[in-house]
Amino acid sequence: MRILVTGGAGYIGSHTCVELLNSGHSVFIVDNFSNASVESIKRVEKITGKSVNYINADIRDEKALNELFKRHNFDAVIHFAGLKSVGESTEKPLMYYDNNVNGTRVLMSVMEKYKVNSLVFSSSATVYGDPDTVPISENFPLRTTNPYGQTKLVVEQMCQEVCSANDKISIVLLRYFNPVGAHHSGMIGEDPKGIPNNLMPFIAQVAVGKRAFLSIFGNDYNTPDGTGVRDYIHVVDLAKGHVKAIEKLHNKTGCHVFNLGTGRGYSVLDMVAAFSQVSGKKIPYQIKARRAGDIAQCYAKPDLAQQILDWRAEKTLKDMVNDSWHWQVNNPNGYE
Ligand code: NAD
Ligand code: UD1
Numbered sequence: 001m002r003i004l005v006t007g008g009a010g011y012i013g014s015h016t017c018v019e020l021l022n023s024g025h026s027v028f029i030v031d032n033f034s035n036a037s038v039e040s041i042k043r044v045e046k047i048t049g050k051s052v053n054y055i056n057a058d059i060r061d062e063k064a065l066n067e068l069f070k071r072h073n074f075d076a077v078i079h080f081a082g083l084k085s086v087g088e089s090t091e092k093p094l095m096y097y098d099n100n101v102n103g104t105r106v107l108m109s110v111m112e113k114y115k116v117n118s119l120v121f122s123s124s125a126t127v128y129g130d131p132d133t134v135p136i137s138e139n140f141p142l143r144t145t146n147p148y149g150q151t152k153l154v155v156e157q158m159c160q161e162v163c164s165a166n167d168k169i170s171i172v173l174l175r176y177f178n179p180v181g182a183h184h185s186g187m188i189g190e191d192p193k194g195i196p197n198n199l200m201p202f203i204a205q206v207a208v209g210k211r212a213f214l215s216i217f218g219n220d221y222n223t224p225d226g227t228g229v230r231d232y233i234h235v236v237d238l239a240k241g242h243v244k245a246i247e248k249l250h251n252k253t254g255c256h257v258f259n260l261g262t263g264r265g266y267s268v269l270d271m272v273a274a275f276s277q278v279s280g281k282k283i284p285y286q287i288k289a290r291r292a293g294d295i296a297q298c299y300a301k302p303d304l305a306q307q308i309l310d311w312r313a314e315k316t317l318k319d320m321v322n323d324s325w326h327w328q329v330n331n332p333n334g335y336e
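In terms of this note's numbering, the sequence shown opens at residue 1 and continues consecutively.
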């Protein structure tokens with residue numbers, strides 16, 4: 001298939017491009033490089049030995065998208081482009097609604113115009129808010145506590161409504177749990193700007209000596225060791241989930257929703273121990289107050305994706321940590 005990948009130069013997008021190319025699909029990337037570098041695309045080409053076309057454009061630029069869709073005959077779109085920082089979204093909510101919601105509206109209206117009927121969208125487990133129980137199934141109530149999560153919910157709803165209005169459209173909403181790790185080549189990985197918000201890149205920077213210690217946000221949660229529990233999933237497993245979604249469902253009309261997680265939770269202290277073991281480095285940490293908006297535990301029931309997509313996460317925690325470490329050591333300053 002000829003697939004347009006929005007945000008394809010970013011963390012999850014670049015890994016998905018590798019898996020799409022390895023599965024024989026062609027990809028075209030649209031990215032405004034607000035949180036990515038052209039270098040990631042060059043590395044995708046090196047890993048796969050295939051060339052990748054891209055344009056530097058914003059998905060809210062309707063004229064640019066029209067030109068693109070006029071010139072190419074896309075079979076499907078995988079839509080990663082968006083802003084993803086919870087903290088920033090509470091400070092700049094309008095920026096998040098404009099980029100994530102309005103950007104998706106513009107993209108979907110151009111798809112409609114050019115009759116491209118298949119879309120895969122990056123949603124997030126954040127749409128479950130603080131769940132009453134774990135593991136989390138797709139039919140759990142949806143509620144979020146921050147503007148970033150709200151943009152994901154609004155886009156999900158927009159997708160459901162577009163599917164109700166047009167019976168030719170197929171949309172897959174993939175709710176990711178906590179993506180971590182990197183390609184095993186060590187050539188592509190997560191390249192956060194400034195101080196990382198998320199646990200794994202932060203631990204990796206402590207291990208490599210860029211930061212003095214990790215702050216652990218609370219050890220008084222109702223979890224086995226008191227620290228927060230999450231469903232960390234290797235980014236390559238996640239990327240393969242997109243290939244399955246597009247191959248299995250691009251012709252199946254309607255709106256389909258899947259959790260992409262492993263079904264297993266690890267605590268912050270589990271992650272520190274695993275990283276320390278793999279890297280052979282001590283990871284100094286200090287226990288701090290809980291981070292506002294954090295929940296005790298969150299992990300998926302991933303059975304639906306296994307049944308319908310024939311997908312399940314295969315990589316272990318050791319793979320996730322090994323690959324993160326390999327990427328961090330090879331690229332201490334990311335793609336710079
Ligand atoms: P990322 O920031 O690495 O990738 C997003 C890409 O989109 C970047 O390359 C950025 O330059 C580009 N982009 C942003 N706004 C754009 C716009 N208006 N026009 C064109 N390009 C634009 O993030 P990621 O971790 O790869 O996340 C990809 C998607 O998955 C996002 O939608 C994110 O919300 C979602 N998601 C991520 C996580 C996670 O933990 N990483 C978890 C759940 C959901
Ligand atoms: C966060 C976002 C979520 C988003 C996801 C992926 C919040 C509240 N949630 O999820 O919406 O979908 O990232 O981008 O920001 N931790 C520490 N010290 C740190 C960093 C994290 O102890 O320096 C702990 C957290 O308290 C949590 C766990 O590590 O228990 C994982 O945190 P993180 O990687 O930020 O992911 P989430 O909070 O699950």
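C-beta atoms are modelled at their ideal positions from N, C-alpha and C, and glycine is treated no differently.
In terms of Cα proximity to residue 69, the closest of 80, 297, 34, 111 is 111. The continuous stretches of beta strand (DSSP E) do not include residue 211, and DSSP gives it neither H nor E. Not one heavy atom of ligand 2 lies closer than 6 Å to the C-beta of residue 120. For residue 228, the distance from the CB to the nearest heavy atom of ligand 1 is not below 6 Å. Between residue 86 and residue 148 a beta carbon distance of about 5 Å is seen, short of the 8 Å cut, so the two are scored as contacting.
The beta carbon of residue 59 sits closer than 6 Å to at least one heavy atom of ligand 1.
Between ligand 1 and the CB of residue 84, the shortest heavy atom gap is smaller than 6 Å. For residue 178, the beta-bridge partners assigned by DSSP are 232.
Minimum Cα-Cα distance from residue 144 among the listed residues 134, 138, 136, 130 corresponds to 130. The C-alpha of residue 133 lies about 27 Å from the C-alpha of residue 318.
In this structure residue 313 does not touch residue 195 by the C-beta definition: roughly 28 Å separates them, more than the 8 Å allowed. Here residue 336 is exposed. Its C-beta has fewer than 16 other C-beta atoms within 10 Å. By the 16-neighbour rule on beta-carbons within 10 angstroms, residue 95 is exposed. Leaving aside the five residues that flank residue 126 on each side, the residues in its chain whose CB is nearer than 8 Å to its CB run, in chain order, 86, 144, 146, 148, 149, 152. Within its own chain, the residues whose Cβ lies closer than 7 Å to the Cβ of residue 156, once the five positions on either side in sequence are excluded, are 123, 127, 173, listed in chain order. Contact check between the stretch 160 to 180 and the stretch 27 to 42: fewer than three CB pairs, one atom from each, fall below 8 Å, which does not count as touching. When DSSP assignments are scanned along the stretch 46 to 122, the uninterrupted stretches of beta strand (DSSP E) that are 3 or more residues long and fall wholly within it turn out to be 53 to 56, 76 to 79. Measuring C-alpha to C-alpha distances from residue 254 to each of 306, 72, 118, 260 identifies 118 as the nearest. Taking 7 Å as the cut-off, the Cβ atoms of residue 75 and residue 175 do not count as close.
For residue 2, the secondary structure class from DSSP, reduced to helix, strand or coil, is strand.
By the criterion of a C-beta distance shorter than 6 Å, residue 139 is surrounded by no residue of its chain, once the five residues flanking it on both sides are discounted. A distance below 7 Å separates the beta carbons of residue 278 and residue 325.
In this structure, residue 294 sits near residue 228, with a CB-CB distance shorter than 7 Å. Between residue 300 and residue 259, the C-beta gap is smaller than 7 Å, which places the two residues in contact.
Looking only at 77, 275, 5, 261, the smallest Cα-Cα distance to residue 251 is reached by 77. When rounded, the separation of the alpha-carbon atoms in residue 80 and residue 284 is 34 Å. Residue state for residue 274 is assigned as helix, using DSSP reduced to three classes. Annotated three-state conformation of residue 25 is coil, per DSSP. In this structure, DSSP gives residue 254 an extended state, which the three-state scheme calls strand. Per DSSP, residue 150 is not a residue of any beta strand (DSSP E); the alpha helix (DSSP H) it occupies stretches across 147 to 165. Membership of residue 318 in the alpha helix (DSSP H) is indicated by the continuous run 317 to 330. At least one heavy atom of ligand 1 falls within 6 Å of the beta-carbon of residue 124. Around the beta carbon of residue 71, fewer than 16 other beta carbons lie within 10 angstroms, which makes this residue exposed. Distance check between residue 291 and each of 60, 107, 216 places 216 closest, using alpha-carbon atoms only.
Exclusion of the five residues before and after residue 163 leaves 169, 171, 254, 255 as the residues of its chain whose Cβ lies within less than 7 Å of its Cβ. By the beta-carbon neighbour count (other beta carbons within 10 angstroms, threshold 16), residue 323 is buried.
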